[in-house]
Structure formats: C-alpha cells, structure tokens
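Visitor: Residue numbers (our numbering), protein chains in the order written: chain A, 1 to 156; chain B, 1001 to 1104. Don't be surprised by glycine CBs; every beta carbon is placed ideally from N, CA and C. As the structure is a prediction and not an experimental result, all values here were calculated from the model.
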C-alpha cells in the first residue's frame, strides 16, 4: 500500500513539475469555490487528489481516523466518519478506490473551527479500500480502511 | 417537495456537531428504469454550504457516490449558544433548499 502511494505520488509529482515548468498549472482552487468537477467522475485516485487538493503528495498519519463498518450489508448506504486531531484543516476528501467514480465526497473548510469531523453515507459498488485524506497546513495526510460489501449499491 | 432537516448537538470536546438530513434521490445517471429500459438521468446534490452567523465556514462537495437522502455531519469548534447555523444545498439541476437553526 505504502509503496503504491509512493509510486503514484512520485509520478504525479514529476508530471506536476513538468506542468509547472511549462506554465500550464493553474493556481490552486479558490476557497468557497464551485463544485470541483475535475475531482469527481471516473478518474484515477491520483488525478482526483490533484484536482481536489492541488497535490497528490500524501503521508499516512495516525492523526486521521476513519470510523466505518468492517463489513457493510448494504453497499447503497455505508456510513463513514472522518475524524482528525490535526489543526488548521483545509479540506477533507474521501475516495472509494474501486468505485466507478472513486472521488466520493469532500469538505472544504473556510473557518469557524470546522474540519475536525466529517461524516456522510456513501455508496460502494464492491468491497474496496476507502481512503480518507485530510489536508492541514499545506500537507495531505491519509488513512485507509477496507470495507467489505456484500450487496453493491452503485446501480446499473 | 424538498425538505432539509438539521440537528445540532453539543459536542463533548466543545463546540457543536451539526447533522443535516437532506431529502434527495442522488441518482447516479447509471441506473435504468426497469419498465421502460431508459436511463434515469443523474440528479445529485453538488454542494452543501454551512454558515455560522451568516459567514460560510465549510462547504461539503457531494457527488453521485453519496447515498440517497444524504446525512452529512460536521463539527464546529467555535459555535456557541445563540449562534445561528444555516445550511444550504444546490443540486445539478439547479434545485436548492436550506435550513436554519439557532444553537440552544
């Protein structure tokens, strides 16, 4: 898992450097922005991270925790809760690796002491690792948990 | 048609937990109508904004991967009794709804 993330990260970082060098890179998304269309949809994880957080350099951290069932009976409604003890949380993102559209939901924090917790109910098509990312102080931290799904809930 | 409910709970760590239940089908656009075989168009909430006393504090970005009737909750550390919390959402078809509550 770690190696995979590292590889993805380094590949993305190098493309990022190229893009920045060519002056193609648009500034990081403005706060209170519109819906981040480029993060959603059938995009690979690294691309979604790049679109949502503006970077895909990720460190695993104990300060991010995911509370979710080990096994979900109904993939259409899987309750998840992301909690973090990190300060200055900027955004939170949830990615279900094996969903047709991996980037599931995110929270953008603008102030008021928000960001320590974010919970939602998500759909899962099949058993998959669920990765939670928290961006705080310019860095992205993550944690992951595999959720087993007995009945999928992505329609079709 | 649309109805959005909000619950504010005092949190043990200080501040409040804001829980929002929005009534929404959250269609992915991939499902087919069983009778006609036609695709049901995508219909989902895109953004949900939380405001504390009129100032935006957080925005949740949702997509088709969020379950029908989304139940979203966040923690606000700086809220106190008497504050007003407003939540409003907009979907991909331009529909919207909001709810407002005072922290007790």
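In terms of residues, what are the limits of the beta strand (DSSP E) holding residue 1060 (chain B)?
Guide: From DSSP, the beta strand (DSSP E) with residue 1060 (chain B) extends over 1055-1062.
Visitor: Determine the direct distance from the alpha carbon of residue 87 (chain A) to that of residue 136 (chain A), and round the result to whole angstroms.
Guide: Using only the alpha carbons, I get a separation of about 7 angstroms.
Visitor: Looking at residue 1087 (chain B) and residue 1104 (chain B), is the spacing between their C-beta atoms short of 8 angstroms?
Guide: No, they are not a contact pair.
Visitor: Checking the sheet assignment: what are the DSSP bridge partners for residue 93 (chain A)?
Guide: Looking at the DSSP assignment, residue 93 (chain A) forms a beta bridge with A:106, A:133.
Visitor: Quick one: is residue 1017 (chain B) near chain A, going by C-beta distance under 8 angstroms?
Guide: Cβ-Cβ to chain A under 8 angstroms: yes for residue 1017 (chain B).
Visitor: For residue 1034 (chain B), count neighbouring C-beta atoms within 10 Å of its own C-beta (all shown protein chains included) and say buried if the count is 16 or more, exposed if not.
Guide: Exposed: under 16 other Cβ atoms inside 10 Å.
Visitor: When we look at the beta-carbon of residue 1003 (chain B) and count the other beta-carbons within 10 Å, is it buried (16 or more) or exposed?
Guide: Exposed, by the Cβ-count rule.
Visitor: Using a Cβ cut-off of 8 angstroms, pull out every chain A residue sitting near residue 1102 (chain B), in sequence order please.
Guide: None at all; the shortest Cβ gap to chain A is about 16 angstroms.
Visitor: Determine whether the beta carbon atoms of residue 100 (chain A) and residue 125 (chain A) lie at a separation below 8 angstroms.
Guide: Yes, the pair counts as a contact, with Cβ atoms nearer than the cut-off.
Visitor: Check the Cβ-Cβ distances between residue 86 (chain A) and every residue of chain B, and say whether any is below 8 angstroms.
Guide: Judged by the 8 angstroms Cβ criterion, residue 86 (chain A) is not in contact with chain B.
Visitor: What is the rounded straight-line gap between the Cα of residue 95 (chain A) and the Cα of residue 119 (chain A)?
Guide: C-alpha separation (whole angstroms): 13 angstroms.
Visitor: With a cut-off of 8 angstroms, does the C-beta of residue 1097 (chain B) fall near any C-beta of chain A?
Guide: Taking Cβ atoms only, chain A never reaches closer than 8 angstroms to residue 1097 (chain B), which makes this a no.
Visitor: Using the rule of at least 16 other Cβ atoms within 10 Å of the residue's Cβ for burial, across every protein chain shown, is residue 131 (chain A) buried or exposed?
Guide: Burial call: buried.
Visitor: In this structure, does DSSP put residue 40 (chain A) in helix, strand or coil?
Guide: DSSP places residue 40 (chain A) in coil when its eight states are reduced to three.
Visitor: Give the DSSP-derived three-state secondary structure of residue 1050 (chain B) in the structure shown.
Guide: The answer is strand: DSSP assigns residue 1050 (chain B) an E or B state.
Visitor: In whole angstroms, what is the alpha-carbon distance linking residue 1043 (chain B) and residue 91 (chain A)?
Guide: Cα to Cα, residue 1043 (chain B) sits roughly 25 angstroms from residue 91 (chain A).
Visitor: In this structure, does DSSP put residue 1095 (chain B) in helix, strand or coil?
Guide: Correct three-state label for residue 1095 (chain B): coil.
Visitor: Measuring only the C-alpha atoms, how far is residue 111 (chain A) from residue 1037 (chain B)?
Guide: In a straight line, the C-alpha of residue 111 (chain A) is about 46 angstroms away from that of residue 1037 (chain B).
Visitor: Determine the closest residue to residue 1022 (chain B) out of B:1082, B:1068, B:1015, B:1057, with distance taken between C-alpha atoms.
Guide: Minimum Cα distance to residue 1022 (chain B) is reached at B:1068.
Visitor: How many angstroms separate the CA atom of residue 1050 (chain B) from the CA atom of residue 1056 (chain B)?
Guide: Approximately 6 angstroms, taken between the alpha carbons.
Visitor: Mind checking which residues open and close the alpha helix (DSSP H) that includes residue 73 (chain A)?
Guide: Taken as a continuous stretch (DSSP letters only), residue 73 (chain A) belongs to no alpha helix (DSSP H), as it is neither H nor E.
Visitor: Taking all protein chains shown into account, do 16 or more other C-beta atoms lie within 10 angstroms of the C-beta of residue 1013 (chain B), making it buried, or fewer, making it exposed?
Guide: Under this definition residue 1013 (chain B) is an exposed residue.
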